[in-house]
Every structure is written in structure tokens, then in C-alpha cells.
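**Q** Under our numbering, the residues of the sequence shown are numbered 1 to 252, in order.
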Amino acid sequence: MSGWLVIAGLGPGDDALVTHDVTEALADATDIVGYIPYVARVAPREGLVLHASDNRVELDRAALALGLAARGRRVVVVSSGDPGVFAMAAAVFEALEAGPGAWRALDIRVLPGITAMLAASARAGAPLGHDFCAINLSDNLKPWALIEKRLRLAAEADFAMAFYNPRSRARPEGFARVLDLLRDCCGPDRWMLFARAVSTPEEELRIVSLADARPDMADMRTMVILGSSRTRRIDRPGSPILYTPRFVAEGA
Ligand code: SAH
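(1) Name, in chain order, the residues that DSSP records as bridge partners for Ser53.
(2) Tell me which residues share the same chain as Ala249 and place their Cβ nearer than 6 Å to its Cβ, disregarding the 5 neighbours each side in the sequence.
(3) Cβ-heavy atom distance between Pro12 and ligand 2 below 7 Å?
(4) Spell out a yes or no on whether the segment 226-237 and the segment 106-117 are touching, meaning 3 or more CB-CB pairs, one atom from each, closer than 8 Å.
(5) Indicate the three-state DSSP secondary structure (helix, strand or coil) for Met117 in the structure shown.
(6) What residue range does the alpha helix (DSSP H) around Val92 cover?
(7) Quick one: what does DSSP say Arg230 is sitting in, helix, strand or coil?
(8) Less than 8 Å between the beta carbons of Thr30 and Arg74, yes or no?
(9) What residue does the alpha helix (DSSP H) around Asp21 start on, and which one ends it?
(10) I want to check one thing, is the minimum distance from the CB of Met223 to the heavy atoms of ligand 1 below 7 Å?
(11) For Ala65 versus Val22, is the C-beta distance shorter than 8 Å?
(12) Which same chain residues, not among the five before or five after Glu202, have their C-beta less than 8 Å away from its C-beta?
(13) Measuring CA to CA, which of Val198, Ala116, Gly238, Arg177 is closest to Ala162?
(14) Please state the DSSP three-state secondary structure of Ala195.
So this is what it looks like as C-alpha cells:
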């Protein structure tokens, strides 16, 4: 029996947003590897081994998955959203590069998923309709000074910005500093979207101006999108629409 390794994205939460390819890989797998809440999204069945681990052990988890595949198991490493966006795919390739040469001959595939920023932006309208960037606000894997530098340069370039990992219990003050920096660079009038637990029963959407944004509007399940200077809000009965026009006039 020859093993394989699939690194799969489970999308933002709703089972209807899991791709057909990922569903098939999960059905063929012998082993599921991932962070506890993501592994919990895979239905248990006879013969399927679930390897759930804590969040801070990505490289161990990646090496475990590669080792299992090398022993002939059919392994799916699960991430939420897309596995290539601040998630397990890069961790698996880091472990592959550092690991035994034999691992390089393994059958490895990455199966995309709907990443949180796209699920969130679709709910609100089209805030990422023009140029944008995505920034992980966690300083677990990079220095805080680099986050601040990227925020300033993205603001200068007038990108819309999608923020992953805005706030954790370990760093409650970090997001307050981000909001202060953004108000300093962009002024108070930008539109901001706080999209929590998108596509789950706990989903909550809030659109506020940068002036009214507060640190406690975000937690670890929230995607934050800051509009560019051109992002507009359309008020209408029910929820408003946030969108960024596709064009910028010459000389603007
Ligand atoms: N690989 C994932 C991102 C992992 S980082 C993806 O592509 O979506 C984890 C961060 O993603 C969270 O802190 C939050 O900012 C965001 N996130 C993940 N799922 C979300 C959801 N359903 N709703 C809102 N934000 C979400």
C-alpha cells in the first residue's frame, strides 16, 4: 500500500463550504492530523485515526504526518480556511525540507479551501474588490516591529487590509496598538468590518468607522477588514453593503 499526504482546507466553518476534493480525501484517509478544533470537524468512523494536537506544535504535527505517510498511511492534515494561508501547508514543507531525504518522494498534495478573508468579505459585499493585502497580526512567529512596518507601508499604498489573528488572550494590548497606528496613518473615516465566526451559527458582522472601532470588537474568531480610502458603505434596509470600487482614476 502506498501512502500519501494531503494538506486540506476545511473552509470557514460551514460544511457546505468544504470542497468536493477535500471531502473525497477525508473519505479515503486512514489518519487525520491537526489542531484539536479542526480535527473535531471531521466525522469519526471505523478505522480512521484522529491525531489532534495543541496549536503551538505545528512542526511536530507536520513531521508526524510526513512520517505516517512514509509508513504507507493515507494522511490528511487539516487546517481551517485555506491550508496555505497562515496555516499548515507551509509548516509541512518546512518539515519536509529539514527532514529525511526519502520524504521528498512522497505523494503530497495541497487542497485549497475558502479562506476567512474571502468568506468574510463575501458576507459584507466586496470590500476586497480592488487591491488589498493580508496581514497576520500575531507576533508568535515574527517581531512586532515588522507588523507595524507592514501596516504603515500598506496604509501608505492605500491597500484595503485583511487582518488574521487580530487578538489573542496572550496579547490583548496588541490590537489596541494596531488601531491607534491605523488611525494615525489613515485618519478616522475608513470603514472597517469585524466579521466573527463567519458561516457558523455564532456569526456576527459589524461595520464601523475606524474612529468607532474598539479592541474588544475582535477576538481570535474574528476577521477584521479595513477598507481603503475608496471603500464605500451602501445603507439599505437590513444589513449595509461594504464595497471597494474596481477602478481608480488616473492621477487620483
Ligand atoms: N487558514 C485559515 C486562517 C488561520 S489563522 C484561513 O485560511 O482562514 C486563524 C484566524 O483566521 C482567526 O484568528 C481569524 O482571524 C480567522 N478566521 C478563521 N476562521 C474564521 C471565521 N469562520 N470567521 C472569521 N474569522 C475566521
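C-beta atoms are modelled at their ideal positions from N, C-alpha and C, and glycine is treated no differently.
**A** To lay it out plainly:
(1) Against the sequence shown, residue 53 aligns to sequence position 53. Per DSSP, the beta-bridge partners of Ser53 are Tyr35.
(2) For the purposes of this step, residue 249 is taken as residue 249 along the sequence shown, with counting starting at 1. Closer than 6 Å at Cβ, skipping near neighbours: no residue.
(3) With respect to ligand 2, the structure shown offers nothing to examine, as its ligands consist of ligand 1.
(4) Counting C-beta pairs with one atom in each stretch, the segment 226-237 and the segment 106-117 have fewer than three that are closer than 8 Å, which means they do not touch.
(5) By 1-based counting over the sequence shown, the position of residue 117 is 117. The three-state secondary structure of Met117, taken from DSSP, is helix.
(6) For the purposes of this step, residue 92 is taken as residue 92 along the sequence shown, with counting starting at 1. Boundaries of the alpha helix (DSSP H) harbouring Val92: 88-98, taken from the DSSP string.
(7) For the purposes of this step, residue 230 is identified with residue 230 of the sequence shown, where counting begins at 1. In the structure shown, Arg230 falls within a coil segment according to DSSP collapsed to helix, strand and coil.
(8) Taking the first residue of the sequence shown as position 1, residue 30 is located at position 30. Taking the first residue of the sequence shown as position 1, residue 74 is located at position 74. Between Thr30 and Arg74, the CB-CB gap stays under 8 Å.
(9) Numbered from its first residue, the sequence shown carries residue 21 at position 21. From DSSP, the alpha helix (DSSP H) with Asp21 extends over 20-28.
(10) Walking along the sequence shown from the start, residue 223 turns up at place 223. Proximity of the beta carbon of Met223 to ligand 1 is indicated: a heavy atom of the ligand is located closer than 7 Å.
(11) Taking the first residue of the sequence shown as position 1, residue 65 is located at position 65. Taking the first residue of the sequence shown as position 1, residue 22 is located at position 22. Not a contact, by the Cβ cut-off of 8 Å.
(12) Position 202 of the sequence shown, counting from 1, holds the residue named residue 202. These residues qualify, in order along the chain: Arg196, Arg221.
(13) Residue 162 sits at position 162 when you count from the first residue of the sequence shown. Minimum Cα distance to Ala162 is reached at Ala116.
(14) As a working mapping, residue 195 is identified with position 195 in the sequence shown. When DSSP states are grouped into helix, strand and coil, Ala195 belongs to the strand group.
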